[in-house]
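Participant:
Protein chains in written order, with this note's numbering: chain A, 1 to 451; chain B, 1001 to 1245; chain C, 2001 to 2191.
Spelled out as structure tokens, the structure:
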């Protein structure tokens, strides 16, 4: 042990490599990294090893995946393998990406108490801690709410509360904004900035621009190695150029109204032409997805690719999936989508990108004139966004119409026609000059103050 | 003193004991007395919606009827006076007695079960199992996860139906939905299994180790629990006495 | 026994139990419809359905106790989401789970091939039938009728639970969702 006094590092890795069992190559290779304090951003494409690194920091790995660690990995100045399960987690709080799979109990209060029980907090102290935490985070109104009924953004706030109530020194967040609309995401970042003044933070994020100047350090991983480690530099989000096409003959869609217990979707009309690339924008919960499903139900020529394309699949291998419901030849499309080597695989075993390509193949083969995507960019890294861009461009140029529902403002720039959704009311069409109308954008939750 | 407040583990054990006891009583009077007595106790010591009670009871009335005539038609040969013939079988008074016993037993079982189900908060039951029954917290909290997962599963199922309908699967009538259900089990399970792993990870990340723990929710054991349990055992005693006599 | 279990394996058990609790409940209603018409024998030929989670859990997780625990959890959750026979269903779960578990214990938890899975389905049928025999008062019925009931239940246990459980799990394996559980690892070792 070095005798000189130094700050305690949450993670201190030297020549750290990590490999999953049964795999031939390392996910992390010769990584050297020390995090002592501050707010660090970790970026990297899917498969770059950032999620693995994340799970090593809160010590979910290697235990939970039987992975093989080589090199040095110290957490708070002690080797990782000297910790009991759950021990590090008292000093490191974690918030995960998926708002739906990080809770155990039913109400917010019960969930907070669950965490306190884990940390063996005295019983008569619990309620005060819960009250204080909720007050400090301005979440008091949620105390007795059922977690299932909260929105994605609210769930992420509750997840932060659950992580912080254990009074950790560090807070780790894995793409906490992936499922939030820009307004909500922006609010969440400002809120976190306010409440987390004294705590050290590590965030994994594909698209750091929403975080503004939140960070002071950035670590970039490429193929399991550190590519950059230094001060955080604010960069603009990805830029996607608009896809331009010739417009063909117009036809009109009537989307009927849809009444649910808590939600009313007004009837709407949409003019569509061959070669149109339409973006439907709006806040989370504004009714975009409901509207999209109404459209697909009403018109058979609309092929819907849901947010998780896995929902679409009805057979147990790629070949059958493509030939389901018709007897047109599939070989050509199978090859064009690069799925030739996957023909015997189960559709659900494909990667996310492959699943989406398979879904598009399905739509193409069933002669859908309009391919409609529900939130296609959520949780996607730059490489897969580019792939999606190419796929859409190709479809539009081939004379299809492509429509997508999104709250991803950078990606939405590729469209040539826009509709806006607000509280169940669809308005439009707008042309790209919409981006120069701040009033309109703000009223639909699509504009953030520059920070 | 109500069954709602009664310690769920003690309630569970008492009700289970009574049901086991009933299984060894071969006279129609014991189950009848237990059935009526349970209703009486339920009226006295709980606030139960009888509408719900009735709704739950209907299928078991059917089962009781089914049991009645099965035991008459397929009853084993017994000695005794032949009372009447059914589908060519001689039905003795012993057969009738047995048939009545078995179908009344179904009713008594159901009444006891409903006494438990309608007055027990499932969450309190799990807490109590952890505190009085030494149930491992790993299991107890997994049950909570499962319970919470139920509405998520329902959502997932509805989405699958909806997207499959868009794929051209015929899903117009209720029967279509039922017929298509087996095809949904794989996607439903595959998605759920992936979620299970994520939930387990976040439990661990929040410091859950599965060690025995003190919980905020405390389910106590009081004198009233034993009083209510004694009342139920007393009922069984009385019913046995009536039956034997 | 639970010490060596990973939390994710127990949560998996619980989640499997929820899915199958729903399936079980659906079949209780189907069974009830029949039972009024043709008596308790209505349940026999579909009885294997109620053992299936044991076989699937044991086959995927391959640890002592998986068969037993999953069945008990499924019963508990079934009660929580609205099976009226409440406490009785838990008892039934315990008894069926023990029967299936016994088969795996017999092989020293080393074999998980089709025969053992079918044996587990048979085991569950045996213990659950013993329970029905006592609680349902089958002593009152003619031996031929009782034998028919048992034959139906045993066949159903072996085919629906044993064979069906294996087919379902193997299909699930192909979806890639079981990466990180014993079944996927074992599969790789044996080719």
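Beta carbons are placed, not taken as given, at the ideal position from N, Cα and C, and that holds for glycine. Just so we're clear, the structure is a prediction, and the values are computed from it rather than from any experiment.
Which residues share a DSSP beta bridge with residue 218(A)?
Facilitator: BP columns for residue 218(A) point to 41(A) and 230(A).
Participant: For residue 288(A), which residues from the same chain have a beta carbon less than 7 Å from its beta carbon, with the 5 sequence-adjacent residues on both sides left out?
Facilitator: Result list for residue 288(A): 280, 282, 405 and 421, in chain order.
Participant: Along chain B, in chain order, which residues have C-beta atoms closer than 9 Å to that of residue 2132(C)?
Facilitator: Neighbours of residue 2132(C) on chain B: none; closest Cβ ~10 Å, over 9 Å.
Participant: What residue range is occupied by the uninterrupted alpha helix (DSSP H) comprising residue 155(A)?
Facilitator: Counting along the chain, the alpha helix (DSSP H) containing residue 155(A) begins and ends at 152-164.
Participant: Looking at residue 151(A) and residue 284(A), is the spacing between their C-beta atoms short of 8 Å?
Facilitator: Yes, Cβ-Cβ distance for residue 284(A) and residue 151(A) is below 8 Å.
Participant: How is the beta strand (DSSP E) around residue 271(A) delimited, first residue to last?
Facilitator: Counting along the chain, the beta strand (DSSP E) containing residue 271(A) begins and ends at 268-273.
Participant: Tell me the rounded alpha-carbon separation between residue 401(A) and residue 443(A).
Facilitator: Rounded to whole angstroms, residue 401(A) to residue 443(A) spans 28 Å at the Cα level.
Participant: Would residue 2165(C) count as contacting chain A if we go by Cβ distances under 8 Å?
Facilitator: Output row for residue 2165(C): interface = no.
Participant: Report yes or no: is there a C-beta of chain C within less than 8 Å of the C-beta of residue 64(A)?
Facilitator: Yes, residue 64(A) lies at the interface with chain C (some Cβ there is under 8 Å from its Cβ).
Participant: Counting only Cβ-Cβ distances shorter than 7 Å, please list the residues of the stretch 1120-1133 of chain B near chain C, keeping chain order.
Facilitator: Those would be 1122, in chain order.
Participant: CA-CA distance, residue 2068(C) and residue 2054(C)?
Facilitator: Answer to the nearest angstrom: the Cα atoms are 6 Å apart.
Participant: Is it a yes or a no for the stretch 2147-2165 of chain C touching the stretch 2045-2052 of chain C, going by three-plus beta-carbon pairs under 8 Å?
Facilitator: The answer is yes - the stretch 2045-2052 of chain C touches the stretch 2147-2165 of chain C, with three or more Cβ pairs under 8 Å.
Participant: Grab the span of the alpha helix (DSSP H) containing residue 1137(B) for me, first residue to last.
Facilitator: That run of the alpha helix (DSSP H) goes 1137-1166.
Participant: With DSSP run on the structure shown, which of helix, strand or coil describes residue 198(A)?
Facilitator: Coil.
Participant: For residue 42(A), count neighbouring Cβ atoms within 10 angstroms of its own Cβ and tell me buried if that reaches 16, exposed if not.
Facilitator: It counts as buried.
Participant: Just to check, is the beta-carbon of residue 2171(C) closer than 7 Å to a non-hydrogen atom of the ligand ADP?
Facilitator: This structure simply doesn't include the ligand ADP, nor any ligand for that matter.
Participant: Please classify residue 181(A): does DSSP put it in a helix, a strand, or coil?
Facilitator: Correct three-state label for residue 181(A): coil.
Participant: To which residues of the same chain is residue 73(A) closer than 6 Å at the C-beta, ignoring the five residues directly before and after it?
Facilitator: Around residue 73(A): 13, 16 and 80.
Participant: Short check: CB of residue 1193(B) to CB of residue 2058(C), under 8 Å?
Facilitator: Cβ atoms of residue 1193(B) and residue 2058(C): not closer than 8 Å.
Participant: Mind reading off the beta-carbon distance from residue 1216(B) to residue 105(A)? Whole number of angstroms is fine, and I expect it under 8 Å.
Facilitator: Not a contact, Cβ separation roughly 11 Å.
Participant: Cβ atoms of residue 2091(C) and residue 316(A): under 8 Å apart, would you say?
Facilitator: No, the pair does not count as a contact, with Cβ atoms beyond the cut-off.
Participant: Candidates 112(A), 250(A), 376(A) and 434(A): which alpha carbon is nearest residue 165(A)'s?
Facilitator: It is 112(A).
Participant: Please determine if the stretch 63-77 of chain A and the stretch 135-146 of chain A are in contact, where contact requires at least 3 C-beta pairs separated by less than 8 Å.
Facilitator: The stretch 63-77 of chain A is not in contact with the stretch 135-146 of chain A.
Participant: Would you say residue 2191(C) lies against chain A (beta-carbon separation less than 8 Å)?
Facilitator: Confidence is the limiting factor: at residue 2191(C) the pLDDT is only 39, short of 50, which leaves the residue's position unreliable, though a coordinate-based value still follows. For residue 2191(C), the answer is no, since every Cβ of chain A falls outside 8 Å of its Cβ.
Participant: Drop a sphere of 10 angstroms on the beta-carbon of residue 1203(B), count the other beta-carbons inside from all chains shown, and report buried for 16 or more, exposed for fewer.
Facilitator: The residue is buried, with at least 16 neighbouring Cβ atoms inside 10 Å.
Participant: Bridge partners for residue 250(A) per DSSP, in chain order?
Facilitator: Beta-bridge pairing links residue 250(A) to 273(A).
Participant: Pop quiz: residue 202(A) and residue 35(A) are said to be a contact at Cβ under 8 Å. What is the actual Cβ separation, rounded to whole angstroms?
Facilitator: Rounded, the Cβ-Cβ distance is 7 Å, consistent with contact.
Participant: Excluding sequence positions up to five away, which residues of its chain have a Cβ less than 8 Å from the Cβ of residue 340(A)?
Facilitator: Cβ within range, chain order: 334.
Participant: Are at least three pairs of beta-carbons, each pair with one atom in the stretch 1107-1115 of chain B and one in the stretch 1020-1035 of chain B, less than 8 Å apart?
Facilitator: Counting Cβ pairs under 8 Å, three or more are found: they touch.
Participant: Using a C-beta cutoff of 8 Å, does residue 2003(C) count as contacting chain A?
Facilitator: No, residue 2003(C) does not count as interfacial toward chain A.
Participant: Roughly how far, in whole angstroms, is the beta-carbon of residue 372(A) from the beta-carbon of residue 403(A), given that I think they are within contact range, below 8 Å?
Facilitator: Their Cβ separation, rounded to whole angstroms, is 4 Å, which keeps residue 372(A) and residue 403(A) in contact under 8 Å.
Participant: List, in order along the chain, the chain B residues whose C-beta lies closer than 9 Å to that of residue 297(A)?
Facilitator: Those are 1162, 1165 and 1166, listed as they occur along chain B.
Participant: Using the three-state DSSP reduction, which class does residue 2118(C) fall into: helix, strand or coil?
Facilitator: The answer is helix: DSSP assigns residue 2118(C) an H, G or I state.
Participant: Give me the residue from 1057(B), 1157(B), 1065(B) and 1141(B) with the minimum Cα distance to residue 1184(B).
Facilitator: It is 1157(B) whose Cα lies nearest to the Cα of residue 1184(B).
Participant: Determine whether the Cβ of residue 1145(B) lies closer than 8 Å to any Cβ atom of chain C.
Facilitator: Yes, residue 1145(B) counts as interfacial toward chain C.
Participant: By Cβ distance below 6 Å, which residues in the same chain neighbour residue 3(A) in space, the five residues on each side in sequence not counted?
Facilitator: At residue 3(A), the pLDDT of 44 sits below 50, so the modelled position is not reliable; the number obtained from the coordinates is stated separately. Cβ within range, chain order: n/a, list empty.
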